[in-house]
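Some notes on the structure that comes next.
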Amino acid sequence: MKQISVLSLLLFIINISWAQENALKITNSVSGKEIIIKENKRIKIKTTEGKKISGRFTRSDNKSIFLKGEEIVLQDILEIKRNPLLLSIFSSGFFIYVGAITAGFGVIIGALIDSTAFWLTIPGAAMIYTGIKSPNFLRKFKRDKNWTFEWIAIPPAS
-3 MKQISVLSLL LFIINISWAQ ENALKITNSV SGKEIIIKEN KRIKIKTTEG
47 KKISGRFTRS DNKSIFLKGE EIVLQDILEI KRNPLLLSIF SSGFFIYVGA
97 ITAGFGVIIG ALIDSTAFWL TIPGAAMIYT GIKSPNFLRK FKRDKNWTFE
147 WIAIPPAS
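Pasting the structure below:
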């Protein structure tokens, strides 16, 4: 029984020592501010070739990330932005819902009360289009604004 408990304790300690998470550290060289995005989170990036790619990212090696089946070198990233799924769903749904209500009320009021209310369909259509395009109001971290990107390992929480 003593050997089993010692073995269990040893395995637990080994597991904790090897259980480090990878993360992308974004640092501003002027202000020293640091942002950490853990691996497998959703991001949007723009590369030096002008490609815009979004999705979950993983570590490929020390100098690159793997995103949507492509390996992208950290030096080729012009800008990076978080893209959480819940925020995308909420903002898209909100704009589509409000746009549909606005356009619907514009048509109903325009047909029954006053024909100038048909003008409400224009902002309604604009809100629906904005919802379909899925806006992301989070901050971009651009290389030309003194942000640098590097991989770090985060130790497990104690």
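In this text, residue positions in the sequence shown follow the numbering used here: the first is -3, and each later residue adds one.
Cβ atoms here follow ideal geometry from the backbone N, Cα and C, with glycine treated the same way.
Predicted model, so just to flag it, every value in this text is computed and none were measured.
**Request:** Whole angstroms is fine: what's the gap from F133's alpha carbon to F86's?
**Result:** If I take the Cα positions, the gap works out to 12 Å.
**Request:** Could you tell me how far apart the beta carbons of F137 and K77 are, in whole angstroms, since I believe they sit closer than 8 Å?
**Result:** 7 Å
**Item:** Range covered by the beta strand (DSSP E) that runs through S111
**Value:** No beta strand (DSSP E) contains S111, which DSSP labels as neither H nor E.
**Asked** By Cβ distance below 6 Å, which residues in the same chain neighbour E107 in space, the five residues on each side in sequence not counted?
**Response** At residue 107 the sequence reads Ala, which differs from the Glu that was named. Nothing meets the Cβ criterion.
**Message:** Applying the 10 Å Cβ sphere with the 16-neighbour rule, what's the burial state of M(-3)?
**Reply:** exposed
**Request:** Check whether the Cβ atoms of R55 and I61 lie closer than 8 Å to each other.
**Result:** Yes, these two residues count as a Cβ contact at 8 Å.
**Prompt:** Can I124 and I92 be called in contact, C-beta distance under 8 Å?
**Reply:** Yes. Within cutoff.
**Prompt:** Counting along the chain, where does the beta strand (DSSP E) carrying T144 start and finish?
**Reply:** 143 to 150
**Message:** Let's see if you can read the secondary structure: which residues bound the beta strand (DSSP E) around L20?
**Reply:** 17 to 24
**Asked** Since W143 and N24 are thought to touch, with beta carbons under 8 Å apart, how far apart are those beta carbons, to the nearest angstrom?
**Response** 6 Å
**Item:** Endpoints, beta strand (DSSP E) assigned at G51
**Value:** Unbroken beta strand (DSSP E) run through G51: 48 to 57.
**Message:** Just to check my reading of the structure: S113 and I105 have Cβ atoms closer than 8 Å, yes? What is that Cβ distance to the nearest angstrom?
**Reply:** In the sequence as displayed, the identity of residue 113 is Ala instead of Ser. With 8 Å as the limit, A113 and I105 qualify as a contact, their Cβ atoms being about 4 Å apart.
**Asked** Where does L134 fall in DSSP's three states?
**Response** coil
**Prompt:** Per DSSP, what kind of secondary structure is K(-2) in: helix, strand or coil?
**Reply:** Correct three-state label for K(-2): helix.
**Request:** Put T126 into one of helix, strand or coil per three-state DSSP.
**Result:** helix
**Message:** Within 10 Å of its beta-carbon, does L7 have 16 or more other beta-carbons around it, so buried, or fewer, so exposed?
**Reply:** exposed
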